[in-house]
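J.: Residue 60 in this note's numbering sits at position 37 of the sequence shown; the count goes up by one each step and never skips. C-beta atoms are modelled at their ideal positions from N, C-alpha and C, and glycine is treated no differently. These numbers were taken from a predicted model, which means no experiment stands behind them.
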Amino acid sequence: MRRFKIENVNCQNCVNLIKNSLEDEFGNFEFEEGLKTVRLDLDDDKIVLLREQLQELGFKLLEEI
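Structure (structure tokens):
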């Protein structure tokens with residue numbers, strides 16, 4: 024599992040939007056630390072695509088931690 028910081032995830036509705044929109048393609052999103060970080064099993068070749076799709080939803084993938 025990898026951990027990433029995501030910007031603009033402020034509430035459970037944000038979490039639900041990300042999960043409902045992206046879990047089919049990227050697998051299970053496990054939010055932690057007050058919704059500011061997410062854990063998911065992700066291959067290197069999908070990081071750019073994840074970043075682009077999160078941006079389309081109004082969120083920003085900041086960094087891997």
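What is the DSSP secondary structure of residue 52, counted as helix, strand or coil?
T.: Three-state result, residue 52: coil.
J.: Using a Cβ-Cβ cutoff of less than 8 Å, which residues in the same chain neighbour residue 66 once the five nearest sequence positions on both sides are dropped?
T.: If we look at residue 66 and ignore the five residues flanking it on each side, it has no Cβ neighbours.
J.: Could you pull the DSSP bridge partners for residue 82 from this structure?
T.: DSSP lists no partner for residue 82.
J.: Going by C-alpha distance, which of 39, 53 and 76 is nearest residue 64?
T.: Nearest C-alpha to residue 64: 53.
J.: What is the rounded straight-line gap between the Cα of residue 36 and the Cα of residue 68?
T.: Using only the alpha carbons, I get a separation of about 28 Å.
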